[in-house]
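Encoded as structure tokens, the structure appears first; notes follow it.
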Amino acid sequence: MCTKILKKSPESQIHQALSALSFLRTGNYQKALEISQNLREKLPADEDVLNVLQIVLQELNMAESVIEMFENALKKRPNDEEFVRNWFFSMVRTNNIRGQQKASISLQKMFGKRKYYYWVVMSLELLKMIKISESEKQFFQTLSYRLILKTTQESNELYRLSSSEELHLYIRVLLSCNKLEDALDVLESGIGKSFMDVDLLRTKLDLLFELKSGNNDWKIFDMQIKAALNLEESCSSFSKLLDLANYYKEKKQKLPNLRNLALASLKLSFLISDNGTTDDKLNSCIEYFETFALKASCFEDLKPFVEKLGKEHQDQFLIHIFEFCKAKVYDMKSYVEVLKNVKKFEYLINYCEFKDEKAWVAFSLQLAKEYGNSLFLDDHLNITDKQYGDDLLILSVHALINTFFIGNDQNYLIQAILLLELGIVHSKYNFQFKLLLVRLYCMIGAFSLALVTYQSLSIKQIQHDTLSYIFMTKCSNYYPSKSLQNELRIAKYIYISNIKEVPEMLVLAYENGSYSNIDNFIEFATRLNNSIWRYMLRYELLHLSYLIDNKISDEIIANNGFTREEYYDNRDFTIMVDFGTINDKSIQIKSRIESWLKIQNFKMSFVNLLISGTIEDIKERFKSDQWLLDGLKFDTLSEFEMQMMSLFKVFLYFLIQVADQKAYDIEENRLKEWIEKNLVISHVNVSNYNDNVLEHLVFLFESCRSILIFGNFIKRSFKTLKKLHTGIKKIEEIVKNFHTDLVLYVSLLKDRIVIVDLTKFVAFFEPNFELFKIDKHFIESILEKINESRKNSLDNLNNIVFNMKT
């Protein structure tokens, strides 16, 4: 359309700019660059033209050209304040910090308004966020320092400090110049007192701590210990550490419940023991436990120290805290609070001792009964409150998960699910129960229940970037459904709104003089724009689009000024209570995820060209990607992802070698070998039907689909090679026959994966029905939901089947 309009009015600058943007969006970067360069030479001054050209140049990584373009336009409009302001805000919106610095200086020099002065200082401060030389950094830092000093001069009425936000900027400049004493003096002066707010007060306290050690918190104790250690290194005795230990001992007698003091004393006792002067580690751990056993933080505080004890001392510690807990039995609420910490330590210490299923099952049942007893402690809890024994139930579930890993008996996972569903009856908003349920429902192939449970967490906005990985990591490999696709789109919305909203928030921050928020907005936008999870979501959506929409719908991720070369991993791996059972550390390794993203980029780009491209497109696009295929690692991909990539490797080499008859025959045989090896139906042990089975089935359907698409591409691209067509048709016939068998197998599998024997699960819970406040119907209803959800997971494979027929 733009090309047609351009032919009618070839001199129209706005049409030329829009044409460049159109070519950019369709991937023709060379043509976009050519048009934009020609247009820049004409020195455009129209704001609409400049704004469109700015987008093009920014995405072509030509930020300096954007600045030059606006500077040239300014020469044509030297007294147009509105134009210069729009230039400044345009630079702000695209995070072109050099550009906004130059625009702010132009505003200040030409119009000299108060706010422009502070815009200059803020823009100079932001320059340290980008890569500049050390000499430039020093120059701009000195300039911002000199400018900000003038704001406290009494003679400088126009620019003098008059708000807490301006004081924030003043203090920021002083701190960036490492003038800590000057910053503290300003905060303690009349100006500081006049404009003090909570954040400035916090800054003041931090400065007091750093300069005067006037704060009484954990930092103080940690500094004291470090100082004593440094003194020890300069002499041969341990007197300084011992003196500090005695000092803490005296303090604890006066302040026995001061947690940071007790932690410092505990840490010091381990340091002294390491130096060989005393063996007080065990007693220190016992003392800390007895003091803080009623606190939820007790386990997390003590865990790193108990882990350092020898096994003999760990067992002694465990015996002692068991006895301590028994003494609390006459106060049931206190007993349950202490018992939770005791059982956590028992789990930690005996984790390697429980080597068989019986030991873990006995431990789990004991915890479940203690949880049931805790349900009678208080009938007046609010609906949003957790039950006192919820942690005991979580421990019980972890024990069952361990039992599953020993014997691979899925009944233990279903028992764990029933316990968690029981927990939710009594603690409707316990998100730890729900997080575990999401994982467990996925493990047994009940994805619709996993999705419903995930949705009940009511994840909002930014939490999608930090938490949605719990359910959505590689989810398209297991559950190709419309409902999942919708959930992925909801999770993606935060990235779209970030690009639309944060630039405008930055503009408002400048307009309103909210200087303390500007760099936070920039960091927020940058971390979201370059979030590793954003790109993982993108490929999940691309994969689903390929499987169930018969097309590949992609979002345009533009270089908008907040784009960086590195990824930011914002996923929260601490949200889930973990005792070392189901936390998959591999998904936390950023380098593996980055490799996975590169591989997915290759795969989806290649598939897209098979659907709608030409052989020339493929050869041009992938002539440099063979290194990627040869360098695939098993620690990056699952077994089925690896086999899928090997199929695409066969496709690529087939197309590259198609003109060489001898090489073509070799690649054709490799394709046949791949089909013979991988297009095989493995009959499932229905008692252990799980997510791996679903991944295998999706892999088989996707393989069939991909081979047929490849065959269509061959017939479309090499119409004259009749022998080639004959060979491809034979391969297609094999694949179609296998596909028919696969559809039949899945249909039969739906009736075989149901949990038929409900009585054994009822029998497991029946002795404790009254304790748990449930009945037989509760157990049976959940098992029926699991059966329906597993069938639903298989039903959703029809989404791929449907597209095979089109």
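If you count the sequence shown from 1, you need to add 5 to reach this note's numbering.
Ideal placement from N, C-alpha and C gives every residue a C-beta, glycine not left out.
Predicted model, so just to flag it, every value in this text is computed and none were measured.
| Item | Value |
| --- | --- |
| Within 8 Å, strictly: CB atoms of residue 791 and residue 454 | yes |
| Close-in-space but distant-in-sequence residues of the same chain around residue 758 (CB under 6 Å, 5 per side omitted) | 691, 694, 795 |
| Three CB pairs or more closer than 8 Å across the region 174 to 185 and the region 126 to 139 | yes |
| Coil, strand or helix - residue 536 by DSSP | strand |
| Segment limits, alpha helix (DSSP H) that includes residue 467 | Where residue 467 is concerned, there is no enclosing alpha helix (DSSP H), given that its DSSP letter is neither H nor E. |
| Secondary structure of residue 573, DSSP reduced to three states | strand |
| Distance between beta carbons of residue 798 and residue 484, contact taken as under 8 Å | 6 Å |
| Inter-residue spacing [alpha-carbon to alpha-carbon] between residue 874 and residue 58 | The question about residue 874 has no answer, for the chain in this structure spans 6 to 811. |
| Three-pair Cβ contact test at 8 Å for the region 755 to 769 versus the region 727 to 737 | no |
| C-alpha distance - residue 765 paired with residue 782, whole-angstrom precision | 14 Å |
| Three-state secondary structure (DSSP) of residue 730 | helix |
| Selection from 356, 437, 444 that minimises the alpha carbon distance to residue 411 | 356 |
| Buried versus exposed call for residue 48 [16 or more other C-beta atoms within 10 Å across all chains shown] | exposed |
| Under 8 Å between C-beta atoms of residue 274 and residue 289 | yes |
| Residue 736 beta carbon less than 8 Å from that of residue 677 | yes |
| Backbone CA spacing between residue 601 and residue 212 [nearest angstrom] | 44 Å |
| Residue 751 vs residue 702 beta-carbon contact at 8 Å | yes |
| Contact under 8 Å by Cβ, residue 481 with residue 552 | yes |
| Pairwise C-alpha distance: residue 502 and residue 157 | 39 Å |
| Within 8 Å, strictly: CB atoms of residue 395 and residue 432 | yes |
| Span separating the alpha-carbon of residue 787 from that of residue 408 | 21 Å |
| Spatially closest choice to residue 697 from 656, 740, 643, 745, by CA coordinates | 643 |
| For residue 350 and residue 323, believed in contact at Cβ under 8 Å, the rounded distance | 6 Å |
| Per-residue burial, residue 96 [other beta carbons within 10 Å of its own, 16 or more giving buried] | buried |
| Beta carbon of residue 428 nearer than 8 Å to that of residue 398 | yes |
| CB contact flag (residue 65, residue 23, <8 Å) | no |
| Proximal residues to residue 460 (C-beta, below 8 Å), its chain only, five neighbours per side dropped | 492 |
| Entirely enclosed alpha helix (DSSP H) segments - the region 167 to 199, minimum 4 residues | 169 to 181, 185 to 192, 195 to 199 |
| Status (buried if at least 16 other CB within 10 Å, exposed otherwise) for residue 107 | buried |
| Whether residue 126 touches residue 111 by CB criterion (8 Å) | no |
| Burial state of residue 470 (16 or more Cβ within 10 Å) | buried |
| Coarse secondary structure for residue 483, derived from DSSP in three states | coil |
| Same chain only: Cβ atoms within 6 Å of residue 304, ignoring 5 sequence neighbours per side | 346, 349 |
| Residue 261 versus residue 291 - alpha carbon distance | 14 Å |
| Residue 261, enclosing alpha helix (DSSP H) - first and last residue | It is not in any alpha helix (DSSP H) - residue 261 carries neither H nor E in the DSSP assignment. |
| Contacting residues, own chain, Cβ-Cβ under 7 Å from residue 660 (five flanking each side not counted) | 620, 623 |
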